[in-house]
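Sequence lines, in order, name chains A and B. All you need for the working numbering is the position in the first sequence, starting with 1, plus 1. All you need for the working numbering is the position in the second sequence, starting with 1, plus 1.
Number of protein chains: 2
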Amino acid sequence: MYIEKIQFPQDVKALSWSELDILASEVRQVLLKKLSRKGGHIGPNLGMVEATIALHYVFNSPEDKIVYDVSHQSYVHKMLTGRVDGFMDPERYDMVSGYSNPKESEHDFFTIGHTSTSISLACGLAKGRDLLGGKENVIAVIGDGSLSGGEALEGLSNVGELGSNMIIVVNDNDMSIAENHGGLYKNLRLLRETKGKAECNLFRAMGLDYIYVEEGNSVKALVEAFRKVKDAVSPVVVHIVTQKGKGFKPAEMYKEQWHYGMPFDEKTGEPKFQSSGEDYGSLTANFLLERMKSNPGLVVITAGTPTVMGFTKERRDMAGGQFVDVGIAEEHAVALASGIAARGGKPVWGVYSTFVQRTYDQLSQDLCINRNAAVIPVFCASVYGMNDVTHLGIFDIPLISNIPNMVYLAPTCKEEYFAMMSWAITQKEHPVAVRVPGLQVESRSDEIFDTDYSVLNRFRMSRAGENVAVIAVGNFYSLGESVCDKLCTERGINATLINPRYLTGLDTDMLDGLKEKHSVVITLEDGVLDGGFGEKVSRYYGGSDMKVLNFGLRKEFADRYVASELMASNHLTDVQIVQDVMAIYK
Amino acid sequence: MYIEKIQFPQDVKALSWSELDILASEVRQVLLKKLSRKGGHIGPNLGMVEATIALHYVFNSPEDKIVYDVSHQSYVHKMLTGRVDGFMDPERYDMVSGYSNPKESEHDFFTIGHTSTSISLACGLAKGRDLLGGKENVIAVIGDGSLSGGEALEGLSNVGELGSNMIIVVNDNDMSIAENHGGLYKNLRLLRETKGKAECNLFRAMGLDYIYVEEGNSVKALVEAFRKVKDAVSPVVVHIVTQKGKGFKPAEMYKEQWHYGMPFDEKTGEPKFQSSGEDYGSLTANFLLERMKSNPGLVVITAGTPTVMGFTKERRDMAGGQFVDVGIAEEHAVALASGIAARGGKPVWGVYSTFVQRTYDQLSQDLCINRNAAVIPVFCASVYGMNDVTHLGIFDIPLISNIPNMVYLAPTCKEEYFAMMSWAITQKEHPVAVRVPGLQVESRSDEIFDTDYSVLNRFRMSRAGENVAVIAVGNFYSLGESVCDKLCTERGINATLINPRYLTGLDTDMLDGLKEKHSVVITLEDGVLDGGFGEKVSRYYGGSDMKVLNFGLRKEFADRYVASELMASNHLTDVQIVQDVMAIYK
Chain A
2 MYIEKIQFPQ DVKALSWSEL DILASEVRQV LLKKLSRKGG HIGPNLGMVE
52 ATIALHYVFN SPEDKIVYDV SHQSYVHKML TGRVDGFMDP ERYDMVSGYS
102 NPKESEHDFF TIGHTSTSIS LACGLAKGRD LLGGKENVIA VIGDGSLSGG
152 EALEGLSNVG ELGSNMIIVV NDNDMSIAEN HGGLYKNLRL LRETKGKAEC
202 NLFRAMGLDY IYVEEGNSVK ALVEAFRKVK DAVSPVVVHI VTQKGKGFKP
252 AEMYKEQWHY GMPFDEKTGE PKFQSSGEDY GSLTANFLLE RMKSNPGLVV
302 ITAGTPTVMG FTKERRDMAG GQFVDVGIAE EHAVALASGI AARGGKPVWG
352 VYSTFVQRTY DQLSQDLCIN RNAAVIPVFC ASVYGMNDVT HLGIFDIPLI
402 SNIPNMVYLA PTCKEEYFAM MSWAITQKEH PVAVRVPGLQ VESRSDEIFD
452 TDYSVLNRFR MSRAGENVAV IAVGNFYSLG ESVCDKLCTE RGINATLINP
502 RYLTGLDTDM LDGLKEKHSV VITLEDGVLD GGFGEKVSRY YGGSDMKVLN
552 FGLRKEFADR YVASELMASN HLTDVQIVQD VMAIYK
Chain B
2 MYIEKIQFPQ DVKALSWSEL DILASEVRQV LLKKLSRKGG HIGPNLGMVE
52 ATIALHYVFN SPEDKIVYDV SHQSYVHKML TGRVDGFMDP ERYDMVSGYS
102 NPKESEHDFF TIGHTSTSIS LACGLAKGRD LLGGKENVIA VIGDGSLSGG
152 EALEGLSNVG ELGSNMIIVV NDNDMSIAEN HGGLYKNLRL LRETKGKAEC
202 NLFRAMGLDY IYVEEGNSVK ALVEAFRKVK DAVSPVVVHI VTQKGKGFKP
252 AEMYKEQWHY GMPFDEKTGE PKFQSSGEDY GSLTANFLLE RMKSNPGLVV
302 ITAGTPTVMG FTKERRDMAG GQFVDVGIAE EHAVALASGI AARGGKPVWG
352 VYSTFVQRTY DQLSQDLCIN RNAAVIPVFC ASVYGMNDVT HLGIFDIPLI
402 SNIPNMVYLA PTCKEEYFAM MSWAITQKEH PVAVRVPGLQ VESRSDEIFD
452 TDYSVLNRFR MSRAGENVAV IAVGNFYSLG ESVCDKLCTE RGINATLINP
502 RYLTGLDTDM LDGLKEKHSV VITLEDGVLD GGFGEKVSRY YGGSDMKVLN
552 FGLRKEFADR YVASELMASN HLTDVQIVQD VMAIYK
């Protein structure tokens with residue numbers, strides 16, 4: 002196999018045309034074998050095989066610098082830059098991350114994972130080069146789906162002013178994660194239909210030069226195109242048309258399902274593990290679809306990730322005009338929601354914790370200053386969520402809960418989640434975010450939950466005890482139960498257990514009341530401590546005799562951690578918490 | 002005068018063409034009289050007189066809904082919608098805010114102040130209308146300068162999918178606050194030069210219909226254009242060419258200076274008050290210009306507000322390629338800075354506190370995960386900064402300081418600010434933000450400040466005392482001094498005074514050391530308490546016997562407040578603080 006011999010990009014350059022084609026085919030085999038065992042971004046990488054080979058054939062990485070948007074499509078790049086073992090040797094599968102990573106290789110320039118950043122980051126590399134007198138090529142590789150994001154569009158316009166070398170490869174497979182949404186995609190279609198010849202051209206309108214490559218899965222066609230733009234003295238877009246999932250029939254046919262996937266049968270594409278039981282996405286979608294029938298103003302919004310809330314193609318069709326995918330454009334999503342609410346509708350924007358942080362200003366200005374009653378369920382907000390450093394779901398409490406007028410609710414289980422959602426989508430007073438409680442669906446069907454949350458910041462005391470009070474947020478409520486049980490059985494302390502429910506304010510009456518019989522209050526939250534919920538409790542009691550301990554995650558960018566280890570290193574096991582409590586309990 | 006009789010938009014519709022022209026001239030007189038006395042956004046409103054009259058002549062506000070971007074150009078709209086007294090009667094000048102405001106009038110739909118939001122907000126109004134079966138026109142009015150912002154570009158693309166009525170009036174005066182930057186402005190120029198006929202058209206490339214109005218300061222031409230698009234069944238851009246500052250010679254000639262101004266002589270344009278003494282903008286610009294000479298990689302970045310860091314046209318010219326204005330595109334600015342730093346350059350992005358919040362995700366992902374050593378001075382971060390609800394400078398500590406890897410420094414005075422900046426622009430280890438200490442330049446020239454901040458989170462004890470310790474952040478350090486003085490003279494307490502310097506971490510050695518001789522620690526910060534600095538100190542001491550009080554601002558969107566009153570209502574006078582301390586001091 003040729004691929005085993007590729008240790009550096011120079012090795013690619015030594016191959017003939019026919020050998021390059023064989024290499025492409027080998028790369029696909031290796032990809033499929035690893036991805037069928039480990040899962041990952043399947044469609045995006047299968048589509049980029051030839052383009053990546055051609056980039057390394059023409060340019061001289063790492064002197065020339067290639068920046069991949071999101072970098073979920075950089076697996077082939079990794080194979081060609083000294084990391085092929087991470088794809089061929091099952092023992093070493095984990096040596097490479099799923100995204101570009103400067104710690105792995107000098108051929109990676111940024112740790113990237115969020116969308117629409119490549120053009121701006123690469124623009125910085127180019128500007129730095131110009132200031133310091135460098136001569137290298139700077140290349141941004143961005144998919145059509147990422148173009149809808151504001152940062153990418155800002156970048157496109159600004160590159161138009163750079164006046165020096167920068168090459169933007171637009172990898173157009175006519176797909177985002179799901180289908181594309183946004184008027185700009187009509188222009189991409191026009192460009193494809195006219196083989197790049199249409200006068201009306203988004204990229205030229207942004208002040209950029211432009212060339213079109215129809216055969217984006219032909220190494221030779223791509224090499225010719227890249228040779229044309231190499232060392233260009235002004236910014237140029239190379240618009241290449243590729244096939245997402247190329248070379249693996251199921252992925253070619255069902256592009257959305259095969260964007261990212263778990264392990265599967267390499268021949269048939271059948272998933273190896275069937276997910277069983279409930280998930281919050283489907284539950285949420287079914288709940289909203291049911292409510293839509295009687296509420297024509299209820300509308301579900303996604304920013305390019307429809308299945309985060311369970312809106313598969315079938316459910317999207319059922320929702321019709323009551324479902325809006327704005328493409329990867331989170332800022333627009335929030336402002337859109339604010340406008341819909343202002344007009345009397347009821348928008349629900351479902352979003353991953355890691356992506357809600359793309360909208361602080363819109364949450365604050367467009368939504369919360371205006372007190373428009375949009376609803377925002379926040380998914381995968383947990384130490385048990387995605388564990389790549391670029392996709393952590395542990396920063397949303399500081400981000401959201403310190404914005405005035407926002408109501409951020411933290412349900413502890415399925416039943417409480419839907420009780421809160423039911424209230425949120427009927428009330429008209431507050432912007433409401435709801436922290437979906439973890440990844441596993443936990444049921445507490447024997448408990449009764451409030452149906453009205455309009456009197457804000459009322460905590461719920463579920464066990465009245467004394468001496469020690471445990472305030473356990475959202476899906477850490479079970480941990481709180483466990484701590485209370487341990488305190489009781491092992492230390493004879495009948496602790497009070499509180500479900501705070503609200504992350505955006507304190508129940509000062511209840512906190513004051515605790516002073517009577519308690520000397521220690523602890524808080525447990527599934528997120529970073531800095532700027533979070535627990536600190537507010539500490540501040541409140543600061544001038545009193547109450548001892549307070551905040552449990553949660555320390556402020557750090559943990560990467561590909563094992564959740565149980567990270568929990569333990571943050572003193573988040575019930576055993577550790579009880580020990581810490583006893584150390585200050587008198 | 003006609004203007005006195007305009008109580009509702011209907012009154013505009015009753016006028017003849019010649020009367021409308023007279024009205025326009027009266028509006029300008031009234032505007033100039035008020036603005037010469039009170040200051041405000043001069044150029045933008047003078048340019049929009051005819052367009053606003055024409056909008057109200059053709060459309061039926063508030064049934065038809067007009068959303069103004071930034072809304073700094075909505076003064077004329079306010080005059081024509083029942084609020085003319087707020088412009089004509091000096092006694093009532095303050096009854097209208099400088100931005101659109103639903104509390105003032107049913108003709109305003111959002112409280113707006115940040116840029117690039119109008120299209121997305123209006124898109125929400127249109128979507129809500131479609132869901133609920135409404136028929137009204139929805140109009141977004143956006144200046145060319147605001148188009149460079151990501152949220153606006155996301156909005157443009159998404160409107161292209163709406164498939165129903167929405168009208169986007171692009172008010173093109175060929176200016177942002179300063180000159181425009183970005184490749185898209187080449188397209189706007191091409192459109193102006195071809196009278197809208199160029200085939201390559203940004204708006205059409207976004208999937209929108211388009212018409213061009215050359216005479217954007219002719220009521221008649223505008224009325225004709227707006228009539229054409231009224232009740233349009235698909236989204237359309239009306240590109241109107243206006244003259245910024247129209248009708249006032251100084252504002253026509255010096256557009257940047259007259260974008261926003263303080264009171265001036267109505268005839269000559271001479272400012273009524275000469276600013277005297279130093280300001281942090283000019284000091285920063287001169288400092289950086291000096292350093293640029295010996296450091297070719299040092300580059301100053303602004304997102305459309307060059308003078309926040311004192312970069313007037315003259316200084317921009319001096320900096321040459323070492324100054325980059327990316328237009329109003331804050332997200333791109335941060336990613337650009339990260340890329341420049343990654344390539345070995347030293348980017349310095351100066352930004353207002355209120356606008357840095359547009360970049361949380363870029364600070365976290367593009368910059369801090371990558372630990373690139375960009376420098377971000379944050380201006381007007383204070384209760385004494387801008388006091389419009391949309392421009393508050395009190396949320397940056399929670400926003401910035403809870404991001405891992407970031408170093409956020411809070412100097413107390415000019416000398417410390419430049420000591421920190423000198424370190425920041427030479428070190429290569431950390432992304433560093435510096436909270437410029439207040440609006441007034443305070444000097445402590447007799448003190449000596451550290452020149453090296455690379456050992457992180459080392460607080461500085463400036464007065465060693467006992468019993469009570471005062472940790473006073475940044476420009477509240479003087480308040481801390483005053484509190485210590487009062488504690489000494491009035492209560493006989495020789496308090497310890499600490500300048501923490503770092504907002505992103507605690508000096509746990511010093512905090513532990515305080516336990517020996519102190520029973521009370523207080524923190525003072527010029528920002529909201531929630532998620533801020535003081536809460537971290539409270540958390541740290543939570544399990545100990547130390548009493549802690551955090552002083553700062555409560556979480557709220559205060560609007561057009563009097564700073565001294567807001568301070569007092571938050572217990573932020575030295576007298577109140579001493580009282581609060583004594584209430585818990587034993």
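For each residue, glycine too, the CB sits at the ideal point set by N, CA and C.
| Query | Result |
| --- | --- |
| Residues that DSSP places opposite A:His519 in a beta bridge | A:Asn468 |
| Beta-carbon proximity list for A:Val376, same chain, < 6 Å, skipping 5 on both sides | Val349, Ala425, Ile426, Val433 |
| CA-to-CA distance, B:Met547 to B:Leu554, given in whole angstroms | 22 Å |
| Assigned exposure category for B:Asn174 - 16 Cβ within 10 Å defines buried | buried |
| Straight-line Cα distance separating A:Ala123 from A:Asp318 | 38 Å |
| Buried/exposed call for A:Asn1, threshold 16 Cβ in 10 Å | Outside the shown range of chain A, which is 2 to 587, sits residue 1 of chain A, and nothing can be said about it. |
| Bounding residues of the beta strand (DSSP E) (the contiguous stretch that carries B:Leu299) | 299-303 |
| Chain B contacts made by the segment 194-221 of chain A, where a contact means CB separation under 9 Å | Ala199, Glu200, Cys201, Asn202, Leu203, Phe204, Arg205, Ala206, Met207, Gly208, Leu209 |
| Close beta carbons around B:Gly156, own chain, < 7 Å, minus the five adjacent residues each side | Ile120, Ser121, Cys124 |
| Residue burial classification, A:Pro307 (beta-carbon count within 10 angstroms, cutoff 16) | buried |
| Neighbour flag for A:Arg29 against chain B, beta carbons, 7 Å | no |
| Burial state of A:Val234, where buried means 16 or more other Cβ atoms lie within 10 Å | exposed |
| Three-state class that DSSP yields for A:Phe110 in the structure shown | coil |
| Given 8 Å, three or more beta-carbon pairs between the segment 192-204 of chain B and the segment 225-233 of chain B | no |
| Stretch-stretch touch, CB-based, cutoff 8 Å, three pairs: the segment 473-489 of chain A with the segment 509-517 of chain A | no |
| Cutoff 7 Å: A:Ala286 Cβ touching any chain B Cβ | no |
| Cross-chain neighbours of A:Cys124 in chain B, by beta carbon under 8 Å | His333, Ala336, Leu337, Gly340 |
| Residues from the segment 300-327 of chain B in contact with chain A, defined by Cβ distance under 8 Å | Val300, Gly322, Gln323, Val325, Val327 |
| Under 8 Å by beta carbon: chain B residues contacting A:Ala343 | Phe110, Phe111, Leu122, Gly125, Leu126, Gly129 |
| Where B:Pro432 sits in the DSSP three-state scheme | coil |
| Neighbour flag for B:Gly543 against chain A, beta carbons, 7 Å | yes |
| Endpoints, the alpha helix (DSSP H) within which B:Trp18 is located | 18-39 |
| The alpha helix (DSSP H) enclosing A:Leu157, as first and last residue numbers | 151-160 |
| Check whether B:Ile329 and B:Ser149 have beta carbons under 7 Å apart | yes |
| Contacting positions in the segment 528-552 of chain B - beta carbon closer than 9 Å to chain A | Val529, Leu530, Asp531, Gly532, Gly533, Gly535, Glu536, Lys537, Val538, Ser539, Arg540, Tyr541, Tyr542, Gly543, Gly544, Ser545, Asp546, Met547, Lys548, Val549, Leu550, Asn551 |
| Chain-ordered residues of the segment 221-252 of chain B with a beta carbon less than 7 Å from chain A | none |
| Backbone secondary structure at A:Gln525 - three-state DSSP | Reading the sequence as shown, one finds Leu at residue 525 of chain A and not Gln. Note: A:Leu525 maps to strand in three-state DSSP. |
| DSSP beta-bridge partners of A:Phe552 | A:Leu525 |
| Partner residues on chain B for A:Val376, Cβ-Cβ distance less than 8 Å | Within chain B, no residue comes near A:Val376; the closest Cβ sits about 14 Å away, beyond 8 Å. |
| Nearest-angstrom Cα separation, counted from B:Glu107 out to A:Val239 | 49 Å |
| 7 Å Cβ cutoff, A:Leu504 in contact with chain B | no |
| Residue(s) in a DSSP beta bridge with B:Gly144 | B:Asn172 |
| Chain B within 7 Å of A:Leu573, Cβ atoms only | no |
| Contact under 7 Å by Cβ, B:Val309 with B:Asp527 | no |
| Spatial distance of B:Ala1 from A:Met407 (CA atoms) | Outside the displayed range of chain B (2 to 587) lies residue 1 of chain B, so it cannot be described from this structure. |
| Host beta strand (DSSP E) of B:Phe324 (start-end) | 324-326 |
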